[in-house]
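Report on one structure; see the data block that follows.
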């Protein structure tokens with residue numbers, strides 16, 4: 001069995017530009033991994049020991065269950081990309097990164113995990 005690395009693009013959070021010393025802002029996050037297929041979405045909130053999160057399918061991430069979370073995480077711009085994936089289309093990391101750069105002026109952080 002070969003191992004694969006899943007890259008998580010950290011694309012949405014209400015704390016992307018928050019700095020220590022600023023008023024506390026309870027964090028909400030939405031990360032996306034498009035490779036290897038199938039694409040997955042990581043949804044989380046909180047910090048340190050109180051942080052909670054889940055990894056879910058694109059269909060679940062687009063469900064009504066997560067609308068409020070996407071709003072808190074300022075992740076609305078991701079919905080059309082996720083819908084395209086759900087409809088059978090292709091979305092690349094490069095597309096997502098380019099859109100993030102247009103919005104925020106820098107590339108997103110990337111986390112890599114390893115799956116067996």
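Residue numbers (the UniProt record's numbering): 1 to 116. We treat Cβ as the ideally placed atom computed from N, Cα and C, and that holds for glycine.
Host alpha helix (DSSP H) of residue i (start-end)
i: residue 70; result: 67-72
i: residue 94; result: 93-104
i: residue 58; result: 58-61
i: residue 38; result: Neither: residue 38 is in no alpha helix (DSSP H) and is coded neither H nor E.
i: residue 25; result: Premise fails: residue 25 is in no alpha helix (DSSP H) and is neither H nor E.
i: residue 79; result: 79-86
Distance between residue j and residue i (C-alpha atoms, nearest Å)
i: residue 47; j: residue 62; result: 24 Å
i: residue 55; j: residue 79; result: 16 Å
i: residue 73; j: residue 65; result: 14 Å
i: residue 9; j: residue 15; result: 15 Å
i: residue 32; j: residue 6; result: 10 Å
i: residue 29; j: residue 109; result: 12 Å
i: residue 87; j: residue 41; result: 16 Å
i: residue 23; j: residue 69; result: 21 Å
i: residue 98; j: residue 89; result: 18 Å
Beta-bridge pairing of residue i - partner residues as DSSP gives them
i: residue 10; result: 31, 109
i: residue 44; result: 29, 53
Any non-hydrogen atom of the ligand GTP within 8 Å of residue i CB
i: residue 81; result: Within the structure as shown, the ligand GTP is missing, as the structure has no ligands at all.
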